[in-house]
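What follows is one structure encoded as structure tokens, with my remarks underneath.
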Amino acid sequence: GNSVTQMEGPVTLSEEAFLTINCTYTATGYPSLFWYVQYPGEGLQLLLKATKADDKGSNKGFEATYRKETTSFHLEKGSVQVSDSAVYFCALSPNSNSGYALNFGKGTSLLVTP
Amino acid sequence: DVKVTQSSRYLVKRTGEKVFLECVQDMDHENMFWYRQDPGLGLRLIYFSYDVKMKEKGDIPEGYSVSREKKERFSLILESASTNQTSMYLCASRGFMNTEAFFGQGTRLTVV
Chain A
1 GNSVTQMEGP VTLSEEAFLT INCTYTATGY PSLFWYVQYP GEGLQLLLKA TKADDKGSNK
61 GFEATYRKET TSFHLEKGSV QVSDSAVYFC ALSPNSNSGY ALNFGKGTSL LVTP
Chain B
1001 DVKVTQSSRY LVKRTGEKVF LECVQDMDHE NMFWYRQDPG LGLRLIYFSY DVKMKEKGDI
1061 PEGYSVSREK KERFSLILES ASTNQTSMYL CASRGFMNTE AFFGQGTRLT VV
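Residue numbers (my numbering), protein chains in the order written: chain A, 1 to 114; chain B, 1001 to 1112.
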């Protein structure tokens, strides 16, 4: 079946540090891949996405590249801010006719300290 | 601004009560979903619907049912609430395959 594995948190970084959150997936075919962010007390919102191999999604200084050969979609940011403290979810959507539900990883909590 | 709206942010119910969680979207999306979110378990799919009156079980449907009488509204029903259904419930909607899902703000349900 389809599944997503994320690195476990919590991750604690100082402001301006480099961030990597690892995400690998298992899926048949060519899924679409997503990163969502959840700020405290809120629902999930899309951070970035990639729909085919070698695509790079980017938004708000975050980037992730769809790597088919390593089945990975790692999230990176060059310099984190306190306001980036949140929970980050990697997700995939199988490109098939078997329904359009997203499969999520368990989430990685990020805390950025001043 | 596109929106998915859940009827309550916080809800406290007693064991055995019938509970309705309502979700409305304004994007004319065919697909709607209910997830529950628990610490250490991430998001787990309860039910989804790909059209009016159509529904499919997700990974953890036991103890839940759903209703979709209109395209914009998707309801989650706890027939007889139990304490192990205390959780954060998230509704989402989505258009076609490669598009993103939009989430509501969540309903934190406590069953006492």
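The beta-carbon is built from N, C-alpha and C at its ideal position, and this holds for glycine as well.
Only a predicted model underlies this, so the values are computations on that prediction, with no experimental measurement involved.
Worksheet item: Given a limit of 7 Å on CB to CB distance, which residues of the segment 1006-1040 of chain B reach chain A?
Response: N1031, F1033 and G1040
Discussion item. My output table needs one value for T1083/B: the three-state DSSP class, helix, strand or coil.
Written reply: In the structure shown, the three-state DSSP call for T1083/B is helix.
Worksheet item: Going along the chain, which unbroken runs of the beta strand (DSSP E) with 3 or more residues stay wholly within the segment 1008-1068 of chain B?
Response: 1010-1013, 1019-1025, 1031-1038, 1042-1051 and 1054-1057
Discussion item. Along the segment 30-50 of chain A, where does the CB come closer than 9 Å to a CB of chain B? Name the residues.
Written reply: S32, F34, Y36, Q38, G41, E42, G43, L44, Q45, L46 and K49
Discussion item. Contact defined as beta carbons within less than 8 Å: I believe T108/A pairs with G9/A. What is the distance between those atoms, to the nearest angstrom?
Written reply: 4 Å
Practice prompt. Using a Cβ cut-off of 8 Å (strictly closer), state whether L102/A contacts chain B.
Written response: yes
Worksheet item: At a CB-CB cut-off below 9 Å, which residues of chain B make contact with K56/A?
Response: Simply none; closest approach about 16 Å.
Item to complete: Just the chain B side, please: which residues come within less than 8 Å of F89/A by C-beta, in chain order?
Response: G1042 and L1043
Discussion item. Give me the chain B residues within the contact set of K106/A, using Cβ-Cβ distance strictly less than 8 Å, ordered along the chain.
Written reply: G1040, L1041 and G1042
Fill in: Interface residues of chain A facing R1068/B [CB-CB closer than 7 Å]
Identification of chain A residues near R1068/B by a Cβ-Cβ cut-off of 7 Å yields none; the smallest Cβ-Cβ distance measures about 14 Å.
Worksheet item: Cβ atoms of E16/A and V80/A: under 8 Å apart, would you say?
Response: yes
Practice prompt. Please work out which residues of its chain come closer than 6 Å, Cβ to Cβ, to K77/A, disregarding the five sequence neighbours upstream and downstream, and give them in chain order.
Written response: The beta carbon of K77/A sits closer than 6 Å to the beta carbons of L19, G61 and F62 from its chain, once the five residues preceding and following it are set aside; these are given in chain order.
Discussion item. Would you say F1074/B lies against chain A (beta-carbon separation less than 8 Å)?
Written reply: no
Fill in: S83/A (DSSP reduced to helix, strand or coil)
Reduced to three states, the DSSP call for S83/A is helix.
Discussion item. Tell me the rounded alpha-carbon separation between Y1050/B and S14/A.
Written reply: 44 Å
Worksheet item: Under the three-state reduction of DSSP, which class applies to V1112/B: helix, strand or coil?
Response: coil
Practice prompt. Can you say whether L73/A is buried or exposed, counting buried as having 16 or more other CB atoms within 10 angstroms of its CB?
Written response: It should be pointed out that residue 73/A corresponds to Phe in this sequence rather than to Leu. Under this definition F73/A is a buried residue.
Worksheet entry | Cutoff 7 Å; reference N103/A; Cβ partners in own chain excluding five residues on either side | Result list for N103/A: N2, S3, V4, A91 and L92, in chain order.
Discussion item. Assuming contact is defined by CB atoms lying nearer than 8 Å, are S1008/B and T1107/B in contact in what I supplied?
Written reply: Cβ atoms of S1008/B and T1107/B: closer than 8 Å.
Discussion item. Give me the residue from G1016/B, W1034/B, E1017/B and E1030/B with the minimum Cα distance to C1023/B.
Written reply: W1034/B
Fill in: Nearest neighbour of M1032/B, chosen from F1020/B, Y1047/B and P1039/B [CA to CA]
Y1047/B
Discussion item. DSSP has F34/A in a bridge; who is on the other side?
Written reply: When DSSP reads this structure, F34/A sits in a beta bridge with K49/A and A91/A.
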